[in-house]
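A short write-up of the structure that comes next.
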Amino acid sequence: MISEKDIKYIASLARLDLSDEEIKKMTTDMSSVLDYVEELNSVDTSKTSPTLSAVSFSNNFRQDDEKTIKCDQKCRQDLIELAPESEDGFIKVKAILK
Amino acid sequence: MELENLSIRDLNKKLKAKEISSLELTEFYISQIEKKDDDIKAFLSYSFDEAKKQAKKADEVISSSDDISLLCGIPFAVKDNILIKGQKATAASKMLENYNAPYDAFVIEKLKEKNAVFLGKTNMDEFAMGSSTENSAFFCTKNPHDKNKVPGGSSGGSAAAVASSQAVYALGSDTGGSIRQPASFCGVVGLKPTYGAVSRYGLIAMASSLDQIGPLTKTVDDAEIVFDAILGKDKKDATSVAYPEKMAKSGLSEITIGIPKEYFVDEVDPNIKDIVKKQIEELQSAGAKIKEVSLPNTKHALSVYYIIMPAEVSSNMARYDGIKYGYSKQHGQDLSDVYFNSRGEGLGNEVKRRIMLGTYVLSAGYYDAYYKKAQKVRTLIVDDFKKAFEEVDVLATPTSPTVAFGFSEKTKDPLSMYLADIFTVPVNLAGVPAISIPCGSLDGMPVGLQFIAPWFLEKNLFLVGKEYEKLKQN
C-alpha cells in the first residue's frame, strides 16, 4: 500500500507541484494500479531475459559539427524564441544556487 | 457517387482526368468542416489558407505531369502531436498551448514531397494519454455515430474527422491502441504499423519503445496507400529501419487465420464476440483456413503495459520544464520553483498520474520489482506472438471489448479506462502490425475487427482486409 508520504516523495522526484487534493486522489489511483500489476509476481521469469524494444536496430552516428546538425542562425533564433525567457541569444533561467 | 465517399484511388483518377481540381476538392472538405465541426469538434486548429495554397501547388503539379503521387492534392488531417513547421502543435495540452513547431515531422516531410494538402490538426487525449479523447485540455470530441458517446482515443479527433467526412484520411499515433480503438469506435479503418517501420521524428514522444504513427482511413486500400507513403528509414530516428521485403501471401486461400482464445474471454461483450466470430466464419467460407491458437501471456499484457509505458512517459515528460519551451510559471525564488510550478499547472491529471507511476516504478528499490519484471514478461508476450505466427499468418480478434461508451463513464476510475485497451496493448508490446476494420454494429455503434500480422508483414493485413471488404460489399 502506497502512502501519502510516498506520493509526496515521488512528486518531488518528478518535479511536480501537487495540491493536497491531488495527493489524496493520486494515492488512491496509484494504489489501485499497483495492486492490479501485482499479479505479475505470479509469472515465472527466472529464465527470461528482458525486452527493451521489440525490433532490433543500431545507433546512427553523426559528426558533432555545424554542417551535419544544419541549424543556421535563423533556426537557432527560432528555437531560442520558443523559450519563455531569453537574453542575448541565450535561454535565461533563475538562480540555481541559493 | 458523393465526393465525400470517394477513396484515395478514385479521387486520384478524378484529379488526373481533370474532372475536379485539388482546389475544388480542398474547398469541398473545408465546407464539410465548416458545416460539421462545430458539432463534432474533431479539430483543434484549422489551416485553410495554407491548405488552399498547397492545393493550388498540387494543381500545378497535376497539370504539368501525368505521373503524380496517389496522395497528390488529397486533403487530410493530422493528430496534434505530429509537427508541421510553423503550425501549432499542442498535443492537446495546456503545456504546449502556444507552441509552434520549428520543424516538420518525417512523415510530414514525406507527405509534403507528395503534395498532400493539410486541413488542420485534430484533437486527442493530452500527450496521447487516454482512450476517449476526454483528457484533451481543450474540449471533448463527439462520436459522429452518437454525439453522447466518446470517439475513443487517443486519436479520437482523427477518427471522428474521417468518420464524419471532414478529411479524406488522417494521421494518428498508437502507443497502446490509440489508432485502432478510436477507429473501431468511429467505424473507420486504423493501422498501427510494425514498430520501426515509420519514423517517429517529429512525433511528440509518449512511450518511445511503443509509439508508432499510422493512418486512419475509410478503406483498407487507403490505409495501404498512406502507409506506403510514410514508411522508411530515417537517420533522425535510430529506431526506424529500412523496411524489409518479405514474402507476402497472394490470396485468401493461402492464408491461415488464427483465433487466439485469450481474446474471446468473459470480459468481452458477448455480442461483440458473436459479431467478430461471424466475420471470421465468412472469411473461412471465402477460402481462408481457420485455426484456434493460444497466446497464454495475453492476460499479463495490461500489467506489463502499465509499468513500461509510464516509465517511458516519466522520462519523456521530463523535457517539459518551463525553461526551453511551453508553459512556464516564472514566479518563485529559484530554478526548482519554475520546474515544480510549470509542470504542476501545465500538465493535466492523467499525464501527472502516469509521470508519478513511472517515477515510482523506476525509483531506487522498485526498479527490479516492477520495471525489470515487466520487461521480462514483455519477452514472454513477444514469444507468444512468435510461436503463434509459426502456425498462422494473421490473428483475428475484437479491437475493443466494448463499443464506444458515454462521456464521463470511465473518467472517475482510471483503471476501468485502462481496460479498454486490453486487446490492443499486446500488439504494441510485441511491436507487430495490426489493423482495425469496421465489421458491423451493436446498438447502432460500430464494432471493430482487428487483424494482427508478424513483424513487417503489413501486406498480409492489407490482403485479408481487402478480401474482407469485398465480402461485405457483395
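First to last, the sequence lines map onto chains C and E.
Per our numbering, the first sequence starts with residue 1, numbered consecutively.
Per our numbering, the second sequence starts with residue 1001, numbered consecutively.
We treat Cβ as the ideally placed atom computed from N, Cα and C, and that holds for glycine.
According to DSSP, residues forming a beta bridge with residue i
| i | result |
| --- | --- |
| tyrosine 1029(E) | In DSSP, tyrosine 1029(E) forms no bridge with anything. |
| threonine 1256(E) | Lys1289(E) |
| aspartate 1146(E) | Asn1143(E) |
| phenylalanine 90(C) | Glu87(C) |
| phenylalanine 1451(E) | Ala1396(E), Ile1435(E) |
| threonine 957(E) | Absent from the model: residue 957(E). The displayed extent of chain E is 1001 to 1474, so no value can be given. |
| asparagine 1554(E) | This structure gives no information on residue 1554(E), because the portion of chain E shown stretches from 1001 to 1474. |
| alanine 1170(E) | Ala1077(E), Leu1216(E) |
| glycine 1190(E) | Leu1216(E), Ser1436(E) |
| proline 50(C) | Its beta-bridge partners do not exist; DSSP assigns none. |
| leucine 1203(E) | Ile1082(E) |
| serine 1441(E) | Pro1446(E) |
| valine 1117(E) | Pro1075(E) |
Residue j beta carbon less than 7 Å from that of residue i
| i | j | result |
| --- | --- | --- |
| glycine 1214(E) | leucine 1191(E) | yes |
| serine 1303(E) | glutamate 39(C) | yes |
| phenylalanine 1106(E) | tyrosine 1195(E) | no |
| alanine 1051(E) | phenylalanine 1118(E) | yes |
| lysine 1114(E) | alanine 1288(E) | no |
| histidine 1145(E) | methionine 1417(E) | no |
| glycine 1177(E) | alanine 1388(E) | no |
| isoleucine 1108(E) | isoleucine 1074(E) | no |
| glycine 1172(E) | glutamate 1350(E) | no |
| proline 1433(E) | proline 1193(E) | yes |
| serine 1022(E) | aspartate 1049(E) | no |
| tyrosine 1046(E) | glycine 1120(E) | yes |
| alanine 1396(E) | isoleucine 1280(E) | yes |
| aspartate 1478(E) | serine 1164(E) | Nothing about residue 1478(E) can be reported from this structure: the residues present for chain E run from 1001 to 1474 only. |
| asparagine 1081(E) | isoleucine 1179(E) | no |
| valine 1220(E) | valine 1189(E) | yes |
| valine 55(C) | glycine 1332(E) | no |
| aspartate 64(C) | proline 1102(E) | no |
| valine 1394(E) | asparagine 1460(E) | yes |
Same chain, Cβ closer than 7 Å to residue i, neighbours up to 5 away in sequence not counted
| i | result |
| --- | --- |
| aspartate 1037(E) | Phe1043, Gln1166 |
| arginine 1378(E) | Val1304, Ile1308, Leu1429 |
CA-to-CA distance, residue j to residue i, given in whole angstroms
| i | j | result |
| --- | --- | --- |
| alanine 1238(E) | asparagine 1148(E) | 42 Å |
| glutamate 1390(E) | alanine 1248(E) | 14 Å |
| tryptophan 1455(E) | alanine 1159(E) | 25 Å |
| threonine 51(C) | leucine 1210(E) | 12 Å |
| asparagine 1005(E) | aspartate 1174(E) | 25 Å |
| valine 1162(E) | aspartate 17(C) | 38 Å |
| glutamate 1245(E) | valine 1382(E) | 21 Å |
| leucine 1429(E) | asparagine 60(C) | 24 Å |
| phenylalanine 1185(E) | proline 1438(E) | 9 Å |
| asparagine 1474(E) | valine 1361(E) | 52 Å |
| aspartate 1443(E) | glycine 1406(E) | 13 Å |
| glutamate 1282(E) | glycine 1365(E) | 53 Å |
| lysine 8(C) | alanine 95(C) | 24 Å |
| leucine 1070(E) | valine 1241(E) | 24 Å |
| threonine 1090(E) | lysine 1079(E) | 10 Å |
| serine 46(C) | isoleucine 1308(E) | 19 Å |
| glutamine 1450(E) | isoleucine 1435(E) | 6 Å |
| methionine 1356(E) | leucine 1003(E) | 48 Å |
| serine 53(C) | asparagine 1098(E) | 33 Å |
| alanine 1223(E) | asparagine 1123(E) | 20 Å |
| isoleucine 1323(E) | alanine 83(C) | 6 Å |
| glycine 1346(E) | valine 1198(E) | 30 Å |
| leucine 1252(E) | proline 1401(E) | 27 Å |
| glutamate 85(C) | tyrosine 1305(E) | 37 Å |
| methionine 30(C) | arginine 1353(E) | 8 Å |
| proline 1182(E) | isoleucine 1040(E) | 14 Å |
| proline 1270(E) | valine 1403(E) | 12 Å |
| lysine 1233(E) | phenylalanine 1227(E) | 13 Å |
| lysine 92(C) | aspartate 1334(E) | 12 Å |
| threonine 1399(E) | phenylalanine 1423(E) | 6 Å |
Close beta carbons around residue i, own chain, < 8 Å, minus the five adjacent residues each side
| i | result |
| --- | --- |
| threonine 1250(E) | According to the sequence shown, residue 1250(E) is serine rather than threonine. Hits under 8 Å: Leu1463. |
| aspartate 1321(E) | Val1338, Tyr1339, Ser1342, Arg1343 |
| valine 1380(E) | For clarity, residue 1380(E) is leucine in the given sequence; the question names valine instead. Once the five neighbours on either side are set aside, the close Cβ partners of leucine 1380(E) are Asn1297, His1300. |
Same chain only: Cβ atoms within 6 Å of residue i, ignoring 5 sequence neighbours per side
| i | result |
| --- | --- |
| glycine 1440(E) | Ile1275, Val1447 |
| lysine 1014(E) | Ile1020 |
| arginine 62(C) | Thr68 |
Query raised in the report: Which runs of the beta strand (DSSP E) spanning at least 3 residues fall entirely within the region 1364-1428 of chain E, listed in chain order?
Result: 1394-1398
Query raised in the report: Which ranges would you report for the alpha helix (DSSP H) in the region 1-29 of chain C if only whole runs of at least 4 residues count?
Result: 4-13
Query - Residues from the region 69-81 of chain C in contact with chain D, defined by Cβ distance under 8 Å - result: Within the model displayed, chain D is absent; protein chains C and E are what it includes.
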